[in-house]
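Going down the list, the protein sequences come from chains P and C.
Take the first sequence: its position 54, counting from 1, is numbered 54 in our numbering, and each next residue is one higher.
Take the second sequence: its position 26, counting from 1, is numbered 26 in our numbering, and each next residue is one higher.
In this text, a Cβ means the ideal position worked out from N, Cα and C, and glycines have one as well.
The structure displayed is predicted, hence computed values, not measured ones.
Encoded as structure tokens, the structure appears first; notes follow it.
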Amino acid sequence: MSRPERSMRSALGRVRHHGAAGEGTGHFIAMRWTSVALAILGPWFAVAASLAIRDGGYTATIDFLSDPVNAVGVILLVVTSFYHMSLGMQEVILDYIHRPFTKVLLLLLNAFVPLVLGAGAVFAVLLVNFGV
Amino acid sequence: MAGALRPEDRPISPHLSVWRWHVTMATSILHRFTGVGLYGAAILFALWLMAAAAGPETYAEVEPHLTAWYGQIIMYLIAASLAYHLANGIRHLVFDTGAGLAPADADTSAWFAILFGIAAPIGLWALLSFGA
Chain P
1 MSRPERSMRS ALGRVRHHGA AGEGTGHFIA MRWTSVALAI LGPWFAVAAS
51 LAIRDGGYTA TIDFLSDPVN AVGVILLVVT SFYHMSLGMQ EVILDYIHRP
101 FTKVLLLLLN AFVPLVLGAG AVFAVLLVNF GV
Chain C
1 MAGALRPEDR PISPHLSVWR WHVTMATSIL HRFTGVGLYG AAILFALWLM
51 AAAAGPETYA EVEPHLTAWY GQIIMYLIAA SLAYHLANGI RHLVFDTGAG
101 LAPADADTSA WFAILFGIAA PIGLWALLSF GA
């Protein structure tokens with residue numbers, strides 16, 4: 001935070017919380033590192049999974065997920081892609097949705113849905129490997 | 001200011017009714033469109049993992065959708081979206097370094113991204129059908 005007397009914001013703007021939130025850089029960097037990770041994980045999963053699980057069958061799916069390298073890869077894919085898509089959808093919501101209630105509701109959903117499904121998906125991979 | 005344009009030569013503010021179709025415009029729209037589509041794909045991906053972890057009975061309810069005609073079309077669209085979003089995402093990472101922003105270069109890379117989005121799922125299908 002810059003000292004108030006050096007800020008270019010007006011006193012009224014500061015009181016009303018207008019202006020930059022100061023969180024843009026973190027969002028930008030997170031979007032970049034997740035996209036670099038996904039540029040590797042995405043094509044790997046698309047090719048490896050479709051070659052290993054051709055017919056989408058149960059046994060082939062379990063066999064694929066039981067391989068330690070595949071399990072770690074899928075967990076990394078889930079975590080980075082869910083984070084990446086949440087960041088991206090946040091931008092889309094802020095760009096197109098202007099009604100305050102709808103906007104906040106969608107932002108909350110966009111924060112929780114990837115978190116819940118991501119936790120579920122990671123637990124699912126662990127369950128396939130360590131479950132009874 | 002020296003070298004200032006005469007008023008009629010200055011760039012005018014964006015007029016939303018005066019525009020022409022441009023491939024870089026299409027890539028920008030497609031990037032958002034495929035990004036939102038892949039959000040849905042990631043939700044299906046998480047549900048698929050959870051169904052596999054839940055056991056053969058639950059998975060048996062999911063499997064017919066994977067092999068059905070609509071499932072295959074959705075898989076194709078997911079593969080195409082992933083390929084396009086990947087190629088255009090790499091394009092954006094290059095743009096972030098300040099390179100490739102000249103209109104001619106941006107046009108060329110835009111066509112490459114679109115072409116990759118079309119060619120990659122066909123390549124994956126060929127690999128699965130005729131390859132390894």
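Item	Value
Less than 9 Å between CB atoms is the rule here; does S7 of chain P satisfy it with respect to chain C?	no
My guess is that S86 of chain P and A111 of chain P are in contact by the Cβ rule of under 8 Å, so how many angstroms apart are they, rounded?	7 Å
Strictly under 9 Å for the Cβ-Cβ distance: is I62 of chain P near chain C by that measure?	yes
For F28 of chain P versus A49 of chain P, is the C-beta distance shorter than 9 Å?	no
Within a Cβ cutoff of 7 Å, which residues of the same chain sit near M25 of chain C, ignoring the five residues on either side of it in sequence?	none
Note down, in chain order, each residue of its chain lying with its Cβ closer than 8 Å to the Cβ of G42 of chain P, except the 5 sequence neighbours on either side.	L77 and S81
Any Cβ of chain C within less than 9 Å of the Cβ of D55 of chain P?	yes
Would G89 of chain C pass as an interface residue toward chain P - the criterion being a Cβ-Cβ separation below 9 Å?	yes
Determine whether the Cβ of L65 of chain P lies closer than 9 Å to any Cβ atom of chain C.	yes
Exposed or buried, which one is W48 of chain C when buried takes at least 16 other CB atoms within 10 Å?	buried
Considering only residues of the same chain and omitting the five flanking positions on each side of L74 of chain P, which have a CB-CB separation below 6 Å?	In the sequence on display, residue 74 of chain P carries Val and not Leu. Contacts found: V125.
In whole angstroms, what is the alpha-carbon distance linking N129 of chain P and H18 of chain P?	50 Å
Please list, in chain order, the chain P residues whose beta carbon lies closer than 8 Å to that of E63 of chain C.	G56, G57 and Y58
Do A121 of chain P and A46 of chain C have their C-beta atoms closer together than 9 Å?	yes
Using a C-beta cutoff of 9 Å, does A48 of chain P count as contacting chain C?	no
In three-state DSSP terms, what is P11 of chain C?	coil
Are at least three pairs of beta-carbons, each pair with one atom in the segment 112 to 127 of chain C and one in the segment 75 to 90 of chain C, less than 8 Å apart?	yes
Name, please, each residue of chain C whose Cβ falls closer than 9 Å to the Cβ of G43 of chain P.	The sequence shown places Pro at residue 43 of chain P, not Gly. Under the 9 Å cutoff, chain C gives L82, A83, L86 and A120.
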